[in-house]
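Number of protein chains: 2
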Amino acid sequence: MPKEVVIVGGGVAGVFVLRNLLATKDEVPGGMHFTLIKREKSGWVSTCGLPFALRGWYEIDRTEINKPQFFLDQGVDFRTENEVTKLNLGKNSVVLKTGEEITYDYLVIATGRKQSVKETKLDGVFTFNNEEDACKIEDALNTREVKTAFIRGRGIIGLQSAAAFAERGIKTTVLGGPPSLLPSSLDPDMGAIIKERMEKAGLRFILDRREITAIRGKEGWVKSVVIGEKEEKEEIPADIVIIGKWMVPETDLAKDSGIDIGETGGIVTDRAMHVEKGRRSLNTVYAVGDCTEVVDGISHRPKLNQLASTAVAQARVIADNILSDITGQPGLYSSYEPCISPSVADIGGGLVMGSVGVTTNAANHAGIKTISGKATKLIKARYFPGATSLTMKLIFDAFTKRLIGAQMVGEATIAERVNEFAVAIRAGMTAAELRNMERCFDPSLAQLEDVTIDAAKNALEST
Amino acid sequence: MPKEVVIVGGGVAGVFVLRNLLATKDEVPGGMHFTLIKREKSGWVSTCGLPFALRGWYEIDRTEINKPQFFLDQGVDFRTENEVTKLNLGKNSVVLKTGEEITYDYLVIATGRKQSVKETKLDGVFTFNNEEDACKIEDALNTREVKTAFIRGRGIIGLQSAAAFAERGIKTTVLGGPPSLLPSSLDPDMGAIIKERMEKAGLRFILDRREITAIRGKEGWVKSVVIGEKEEKEEIPADIVIIGKWMVPETDLAKDSGIDIGETGGIVTDRAMHVEKGRRSLNTVYAVGDCTEVVDGISHRPKLNQLASTAVAQARVIADNILSDITGQPGLYSSYEPCISPSVADIGGGLVMGSVGVTTNAANHAGIKTISGKATKLIKARYFPGATSLTMKLIFDAFTKRLIGAQMVGEATIAERVNEFAVAIRAGMTAAELRNMERCFDPSLAQLEDVTIDAAKNALEST
Numbered sequence: 001m002p003k004e005v006v007i008v009g010g011g012v013a014g015v016f017v018l019r020n021l022l023a024t025k026d027e028v029p030g031g032m033h034f035t036l037i038k039r040e041k042s043g044w045v046s047t048c049g050l051p052f053a054l055r056g057w058y059e060i061d062r063t064e065i066n067k068p069q070f071f072l073d074q075g076v077d078f079r080t081e082n083e084v085t086k087l088n089l090g091k092n093s094v095v096l097k098t099g100e101e102i103t104y105d106y107l108v109i110a111t112g113r114k115q116s117v118k119e120t121k122l123d124g125v126f127t128f129n130n131e132e133d134a135c136k137i138e139d140a141l142n143t144r145e146v147k148t149a150f151i152r153g154r155g156i157i158g159l160q161s162a163a164a165f166a167e168r169g170i171k172t173t174v175l176g177g178p179p180s181l182l183p184s185s186l187d188p189d190m191g192a193i194i195k196e197r198m199e200k201a202g203l204r205f206i207l208d209r210r211e212i213t214a215i216r217g218k219e220g221w222v223k224s225v226v227i228g229e230k231e232e233k234e235e236i237p238a239d240i241v242i243i244g245k246w247m248v249p250e251t252d253l254a255k256d257s258g259i260d261i262g263e264t265g266g267i268v269t270d271r272a273m274h275v276e277k278g279r280r281s282l283n284t285v286y287a288v289g290d291c292t293e294v295v296d297g298i299s300h301r302p303k304l305n306q307l308a309s310t311a312v313a314q315a316r317v318i319a320d321n322i323l324s325d326i327t328g329q330p331g332l333y334s335s336y337e338p339c340i341s342p343s344v345a346d347i348g349g350g351l352v353m354g355s356v357g358v359t360t361n362a363a364n365h366a367g368i369k370t371i372s373g374k375a376t377k378l379i380k381a382r383y384f385p386g387a388t389s390l391t392m393k394l395i396f397d398a399f400t401k402r403l404i405g406a407q408m409v410g411e412a413t414i415a416e417r418v419n420e421f422a423v424a425i426r427a428g429m430t431a432a433e434l435r436n437m438e439r440c441f442d443p444s445l446a447q448l449e450d451v452t453i454d455a456a457k458n459a460l461e462s463t
Numbered sequence: 001m002p003k004e005v006v007i008v009g010g011g012v013a014g015v016f017v018l019r020n021l022l023a024t025k026d027e028v029p030g031g032m033h034f035t036l037i038k039r040e041k042s043g044w045v046s047t048c049g050l051p052f053a054l055r056g057w058y059e060i061d062r063t064e065i066n067k068p069q070f071f072l073d074q075g076v077d078f079r080t081e082n083e084v085t086k087l088n089l090g091k092n093s094v095v096l097k098t099g100e101e102i103t104y105d106y107l108v109i110a111t112g113r114k115q116s117v118k119e120t121k122l123d124g125v126f127t128f129n130n131e132e133d134a135c136k137i138e139d140a141l142n143t144r145e146v147k148t149a150f151i152r153g154r155g156i157i158g159l160q161s162a163a164a165f166a167e168r169g170i171k172t173t174v175l176g177g178p179p180s181l182l183p184s185s186l187d188p189d190m191g192a193i194i195k196e197r198m199e200k201a202g203l204r205f206i207l208d209r210r211e212i213t214a215i216r217g218k219e220g221w222v223k224s225v226v227i228g229e230k231e232e233k234e235e236i237p238a239d240i241v242i243i244g245k246w247m248v249p250e251t252d253l254a255k256d257s258g259i260d261i262g263e264t265g266g267i268v269t270d271r272a273m274h275v276e277k278g279r280r281s282l283n284t285v286y287a288v289g290d291c292t293e294v295v296d297g298i299s300h301r302p303k304l305n306q307l308a309s310t311a312v313a314q315a316r317v318i319a320d321n322i323l324s325d326i327t328g329q330p331g332l333y334s335s336y337e338p339c340i341s342p343s344v345a346d347i348g349g350g351l352v353m354g355s356v357g358v359t360t361n362a363a364n365h366a367g368i369k370t371i372s373g374k375a376t377k378l379i380k381a382r383y384f385p386g387a388t389s390l391t392m393k394l395i396f397d398a399f400t401k402r403l404i405g406a407q408m409v410g411e412a413t414i415a416e417r418v419n420e421f422a423v424a425i426r427a428g429m430t431a432a433e434l435r436n437m438e439r440c441f442d443p444s445l446a447q448l449e450d451v452t453i454d455a456a457k458n459a460l461e462s463t
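Protein sequence lines, in the order shown, are assigned to chains W and X.
Quick note, the first sequence lines up with residues 1 to 463 if you use my numbering.
Quick note, the second sequence lines up with residues 1 to 463 if you use my numbering.
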C-alpha cells in the first residue's frame with residue numbers, strides 16, 4: 001500500500017515538501033500518495049513575487065508558478081478552496097470542512113501565518129498577503145484615480161509596496177514604529193540609508209509610536225487616515241491604504257489538537273521538524289514554514305522567521321526524514337539547523353538590502369556584547385560598468401571577535417554576500433580572519449581590497 | 001631614528017606592502033621611512049586591468065592607478081627605472097646597479113615573475129606582462145593591418161587577449177597544451193564550456209602537444225607561426241603573435257643571497273611571510289607575491305599561485321608583522337593561511353569563470369579521492385532582468401564529504417560565490433550541509449533553490 005502523506009496548507013512551505021517528495025517518489029517501495037488541502041483556489045503562487053507584479057514587472061498571474069492541474073497530473077490529490085477543520089492525531093486523520101476524514105501515514109502542517117488586524121468596512125483598505133490581495137490592489141490602481149497612498153508597516157512588503165506606488169507617481173506615506181526601517185534586519189544607522197534614499201524618491205516616513213486612530217471615507221471608499229491623538233493627531237489623505245503589519249503564525253488547528261505552541265506563538269518542532277506534544281516529538285507529524293518557530297543561531301532563543309527561504313530549507317529536511325522513515329535508511333535523515341535568517345530584498349529604486357545573523361539590538365537584548373565595523377566602497381573600480389557603492393556593517397561578539405551579524409545596503413552583489421556571511425557565521429570566523437582572508441579578484445568584477453576587509457578592519461580598530 | 005623599510009619591486013605586491021605601512025605610519029614611535037626600487041618607469045599599474053584596455057574599455061594609461069609622484073609626495077623614496085643587483089643580508093643592505101648601497105631595518109622582496117621564453121628577432125611577436133607590452137600591442141593593432149592573430153597560452157591572459165582580438169574582428173588561433181582550457185582552475189568538462197562559447201565567437205583552439213617550431217616573417221614583421229613537426233606540421237597565418245606562457249618566479253637576487261628556494265622555484269616563506277635561509281626564518285626579511293611559493297590549503301603541498309589577490313593578502317600580513325615588530329605589540333601579528341586560490345576572471349564575451357580549492361585532477365594527483373556534483377540553472381526566475389545561466393561543479397573529499405573545490409562558468413554572481421566557497425572550504429562544510437543550508441531569497445535576485453543546492457544534491461546522489 002502506498003504511504004499517505006497529508007499536507008495542510010499550499011503556500012511555499014507545503015508545496016516544497018510536496019515537490020521534494022514527488023521527486024523521490026520512485027525510490028520508495030510501495031510508493032507514496034499525496035493529499036494537499038488549501039483554502040485558496042490557486043496552485044503554487046510565489047507571494048514574494050507579488051510586489052514586483054505591482055511594480056509592473058509582469059502580470060500578477062505570472063506569480064502562479066504551478067497551477068493545481070500541474071500537481072493533479074502527477075497523481076496528487078490537490079484540493080483547493082477546501083479546509084481542514086480538525087487534526088485527529090489519535091486516529092492519524094484530518095477532518096475537512098465537508099466532513100470528510102482522511103487518514104495519513106505522515107502529516108505535514110503548513111498552515112502559514114495570518115494578519116491580526118481589525119477589519120474596516122471601507123473599500124480601498126487592503127492587506128497584502130496573497131494573490132487575491134494583489135489583484136484587488138492592482139484593480140483599484142487601474143480603475144480609480146489614486147493620487148495618494150498610506151501604508152502601515154515598515155517591513156519588506158510595506159517598503160516594496162511603497163516603492164511600487166512611488167514608481168507610479170503616487171504620493172505615499174509609510175507609518176511604522178520607532179526608531180527605524182526594517183529593525184529586525186538592520187541597525188538604525190543602516191535603516192537610515194534606506195529611509196534617506198526612499199525619501200529622495202518622494203516617500204514620506206512617519207516612524208513614531210502613533211497608531212491609526214481612524215480611517216475616513218467618502219461614498220464607501222477610503223479618503224484619509226488619521227493617526228495619533230490630541231495634539232499629535234494628523235490626518236493624511238489616502239486614496240488607497242495598505243495594512244502590512246506583523247503577521248502571526250496560524251496555529252489554531254495545531255493548538256486544538258494539543259500540539260505544543262512556543263513562547264513566540266509558533267509551533268515548536270525538533271531539529272527533524274517533528275512537532276511536539278507535551279514536549280515529546282511525534283514521529284509522523286511535521287510542521288513547516290511560517291506557522292513554526294525556529295531557534296536563533298546566535299542567541300539560541302526561539303523566534304519567528306517567516307521567510308520563504310526558511311520554509312524551503314525546512315521542507316527539504318522534512319522530505320528527507322519522511323523518506324528515511326519509510327525506507328528505513330537512517331543515512332537519509334537530516335536536521336534543520338538553528339536559524340541565522342539570511343535575507344535579501346530588492347526594496348525598489350535599485351536599492352537592495354541584505355542581512356544575516358543578529359542586529360546589534362537583538363544581540364544586546366540577548367546579553368551579548370558586540371563590536372561592529374562599517375565601510376562604504378564601490379564594488380569594483382570606478383571605470384568598470386556596474387561600479388555601484390555598497391555600505392556594509394559587520395557585527396562581532398566583543399569577546400571572541402567572531403562574526404554574529406552582517407548588514408548591507410547597496411545595489412548589487414548583496415544576495416551572494418549574505419550567503420557568504422551565513423557560512424562565515426556558522427564557521428565562527430573572526431574579524432581578523434575576515435580582514436586577512438584572500439578574496440578572488442578581477443578588476444572588472446571586484447576590488448583588490450573588498451569593502452568586507454575595510455569593514456572588518458574598522459571593527460578591529462574600534463577595540 | 002625612523003625605521004627604514006626597503007621594498008624591492010613595485011608590482012601590486014610591493015606597492016600593497018607600501019600602502020599598508022603608509023596608512024599606519026603615524027602609529028609607529030620614531031616613524032618609518034620607505035624606499036621602493038623598481039625597474040619600470042611607472043608608479044603602480046594594475047596589470048590585471050591591461051586586457052580590458054586592449055578590449056577598448058578604457059585607455060591603457062588608465063591602468064596606472066598611482067603615478068610615482070603620488071608616493072614621492074608621501075615622503076617615499078620611490079625609485080623607478082632602477083634595479084637592485086645584490087641583497088647583502090649580512091650587512092642589512094641592498095646594492096643598486098648604480099653602486100649605491102641602502103641599509104634597511106626591514107627588507108621586502110617583491111621581485112615578481114618573469115617569462116621563460118626564447119626571444120624572436122621578428123617584430124610583431126609580443127609577451128603580455130606589463131604596461132609596455134600592452135602599449136606595443138595596442139600600437140601594432142592601431143598602425144598595422146592586423147587580420148590574424150596567434151596566441152600561445154591557454155591561461156587567463158591568453159584567453160582575455162584572444163577575446164579582445166575576437167571583439168576587434170581578428171581571426172585568432174590559440175595554442176595550448178592538452179587537454180583543456182585553464183586546467184589549473186577548471187576540470188576538463190568545465191573548461192569545455194568556455195572553449196565552446198569562445199569557438200562560437202569565432203576563435204580557434206589547438207589543445208595538443210604540438211609546440212611552435214618556427215615563426216616566419218616578411219620584411220621583419222611576423223606573418224605566420226609553424227607548429228608541430230613532420231606530418232603534424234601546420235602553418236598558421238598571424239599578423240600578430242602573443243606568447244603568454246607560464247611565468248616563473250623572479251628569484252635571482254634571493255637565490256644569490258642564499259635565501260631558500262622551494263621545489264616549485266618560488267621563495268620559501270613561513271606563515272609570517274619571513275624568508276628562510278638554511279630553513280631558519282629571517283625575522284627582518286620578507287617576500288611577497290609572485291616570487292614566493294605558497295602552501296596549498298587542501299593538499300598541503302607547495303605551489304605557485306601568482307594571483308594579485310594572493311599578493312594583496314600577503315602584503316597585509318607583512319605590514320602587520322613589521323608593525324608588530326617595531327612597536328613590540330604581539331597582538332598585531334598575523335599569518336598568511338594555506339592558500340585555496342580563490343580566482344575569478346571575465347574571459348570576454350560576457351563569460352566569467354570562477355574557481356577555488358583544488359581541481360579533480362589536482363586532488364587525485366595529491367592522492368585525494370573525490371566525488372563531485374554538477375548543475376546548471378538560472379540564477380533567478382526567467383522573468384527577472386539578469387536571469388543568466390550558471391554551471392557549477394562542486395568537488396568533495398570522497399571520505400569526509402567536505403568541500404575541497406568549486407568551479408563555475410556563467411555571466412554573473414560568480415566572484416561573490418567564489419568567496420562564499422572559500423569560506424565554506426575553510427569551514428569544512430560537507431555536501432549535506434551545503435545542500436541543507438538556508439540561503440537568502442528575493443525572487444528578483446535569487447532562486448528559492450539555488451544551483452548550489454542542486455550541485456550538492458547531485459554530488460550526494462553520485463555516492
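Glycine is no exception: its CB is placed at the ideal position from the N, C-alpha and C atoms.
Rounded distance between the beta-carbons of residue j and residue i, thought under 8 Å
| i | j | result |
| --- | --- | --- |
| Ile194/W | Met353/W | 6 Å |
| Ala214/X | Ser299/X | Incorrect: roughly 39 Å between the Cβ atoms, too far for contact. |
| Val108/W | Val288/W | 6 Å |
| Ala134/W | Leu50/W | 4 Å |
| Lys67/X | Gly43/X | 4 Å |
| Ala424/W | Val45/X | About 33 Å; that fails the 8 Å criterion. |
| Val268/W | Asp123/W | Actually they are not in contact, since the Cβ atoms of Val268/W and Asp123/W sit about 40 Å apart, beyond 8 Å. |
Span separating the alpha-carbon of residue i from that of residue j
| i | j | result |
| --- | --- | --- |
| Ile137/X | Val146/X | 11 Å |
| Phe504/X | Thr391/W | Summary: the structure shown does not reach residue 504/X, with chain X confined to residues 1 through 463, and so no result is reported for it. |
| Val295/W | Pro342/W | 14 Å |
| Tyr286/W | Leu253/W | 13 Å |
| Val174/X | Lys377/X | 29 Å |
| Gln447/W | Asn419/W | 19 Å |
| Asp527/X | Ala412/X | Residue 527/X falls outside the range modelled here, since chain X spans only 1 to 463, and no answer is possible. |
| Thr120/W | Glu276/W | 37 Å |
| Leu21/W | Val8/W | 15 Å |
| Lys457/W | Asp105/W | 55 Å |
| Asp536/W | Arg209/W | With chain W represented from 1 up to 463, any question about residue 536/W goes unanswered, as that position is not in the structure. |
| Val15/W | Thr264/W | 24 Å |
Environment of residue i [buried if 16+ CB atoms lie within 10 Å]
| i | result |
| --- | --- |
| Asp442/W | buried |
| Ser459/X | The sequence shown places Ala at residue 459/X, rather than the Ser named in the question. Flag for Ala459/X reads buried. |
| Ala431/X | buried |
| Glu196/W | exposed |
| Ser462/X | exposed |
| Phe399/W | exposed |
| Gln465/W | Past the boundaries of the shown model lies residue 465/W; chain W is included only from 1 to 463, so the question cannot be answered. |
| Glu59/W | exposed |
Cut-off 8 Å between Cβ atoms - residues of its own chain near residue i, not counting five sequence neighbours on either side
| i | result |
| --- | --- |
| Gly331/W | Ser324 |
| Tyr333/W | Ala272, Asp320, Asn321 and Ser324 |
Bounding residues of the beta strand (DSSP E) (the contiguous stretch that carries residue i)
| i | result |
| --- | --- |
| Val423/W | Taken as a continuous stretch (DSSP letters only), Val423/W belongs to no beta strand (DSSP E), being part of the alpha helix (DSSP H) at Ile414 to Ala427. |
| His33/X | Met32 to Ile37 |
| Met408/X | Leu403 to Gly410 |
| Thr284/W | Arg280 to Ala287 |
Same chain only: Cβ atoms within 6 Å of residue i, ignoring 5 sequence neighbours per side
| i | result |
| --- | --- |
| Gly297/W | Pro338, Cys339 and Ile340 |
Extent of the continuous alpha helix (DSSP H) to which residue i belongs
| i | result |
| --- | --- |
| His274/W | Segment His274 to Lys277 is the beta strand (DSSP E) holding His274/W; no alpha helix (DSSP H) there. |
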